[in-house]
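Below you'll find the structure, written out as structure tokens, and then a few comments.
Residue numbers (our numbering): 62 to 500.
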């Protein structure tokens, strides 16, 4: 066994000696030697054939020529071996703190997420344009507390600097407008040779205001829908108990109560229908309709269907239509629902003006517009932005007395969103309201 180890050691030593000799040769000589080593079995066979030929009495010059030809052919067609050339070490360069900071901030300017880069003492070294837009410009070198005064955010940044571990927290801004952010702080790891006094930390702000708003709207919607259904159900239950008890033998009271119960069930039916309409619209809101619809006969049909309601509230519906067609891409049934809602609302809530005008504009090179204008009491300015929210009412009692579900304008908004159209509301207290649909 000892002799085996000794032989192995001698082989390795010989191999290292040969490699050392190769390093001293020229590249061409080194390549030739490597080719000879690679084709050693072929060359030995060629030499053996030459010796056999000489023993058989073949002319020695012929044998020598054939031997040289075989050697040249074997070496020529050998797979070239590229000797390993040791890579020269890359000279180390001294990087300044400014160069490292540029390396950190190289791609942050293109982000639409507010981002700040802090030093080890929480001083602001850099902020991208999104951060300047969201929080205002911060003087380079100023402490982060000069801009962000939230104790939670400052404590989180301090903990990240102390532990060198990422952290995040939810932060709300009240001014100039209410915004909610997920604030995250994390250390920047450049390489293993980063000096201790050149530590950088990135603080990012992910805006989740829209997500929070949608969550709040969803919870409000569930609460409002439950309330709207609970009220008529409680009324129905009360009247049923009265008919079964005190009014069991009172035919007049039963007739009056049954009429009220019919109104309540009709109201619940309208509410359920509107909720189903909203659900269907949300499922296909991303699919734009591609059928041509002529608005001239469509508005005439809507006016004719609402004439009985208009007569009941003492309102006259006047159409102002252009000559020829006014075609848009849309779904006819959904557009009928839009204009029925708008004209019906104008008749109910603007009945004091005694007139509702419907204008259809179809100018060449201009978008098609339908404006529904009433001369009623108008809507206060603070209510206008929220008119299309579900169950939002300017006056709850007024809406219920006119048998509204609070979902009509929400349905209008969803239909117009699917049609890639806009709803423009203009109102002035005491002078009336106009709802304009622009395709």
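Here a beta-carbon is modelled for each residue, glycine too, at the ideal position from N, C-alpha and C.
About 7 Å separates the Cβ atoms of residue 357 and residue 421, confirming a contact at the 8 Å cut-off.
Considering only 309, 494 and 192, the residue with the shortest C-alpha distance to residue 208 is 192.
By the Cβ-count criterion, residue 493 is buried, with 16 or more other Cβ atoms from all chains shown falling within 10 Å of its own Cβ. DSSP places residue 377 within a strand segment (E or B) once states are collapsed to three. For residue 398, the uninterrupted alpha helix (DSSP H) segment begins and ends at 393-410. The continuous beta strand (DSSP E) containing residue 248 extends over residues 240-249. The beta carbons of residue 264 and residue 218 sit closer together than 8 Å.
In the three-state reduction of the DSSP assignment, residue 189 falls in the coil class. Approximately 10 Å separates the beta-carbon atoms of residue 419 and residue 435; this is outside 8 Å, ruling out the contact.
Of all alpha-carbon atoms in 190, 395 and 250, the one lying nearest the alpha-carbon of residue 262 is that of 250. It is roughly 25 Å from the alpha-carbon of residue 195 to the alpha-carbon of residue 447. Residue 497 and residue 170 have their C-alpha atoms some 41 Å from each other. About 6 Å separates the CB atoms of residue 351 and residue 390; that is less than 8 Å, so the two are in contact. Between the segment 320-339 and the segment 370-384 there are fewer than three inter-stretch CB-CB distances shorter than 8 Å, so the stretches are not counted as touching. The Cβ-Cβ distance between residue 455 and residue 476 does not fall below 8 Å. At a Cβ-Cβ threshold of 8 Å, residue 495 and residue 433 count as neighbours. The DSSP assignment places complete beta strand (DSSP E) segments of no fewer than 3 residues inside the segment 247-325 at 261-268, in order along the chain. In terms of Cβ geometry, residue 355 and residue 386 form a close pair [threshold 8 Å].
For residue 232, DSSP records a beta bridge to 242. When the beta-carbon positions are compared, residue 244 and residue 199 stay at least 8 Å from each other. Spanning the alpha carbons of residue 483 and residue 180 requires a straight line of approximately 48 Å.
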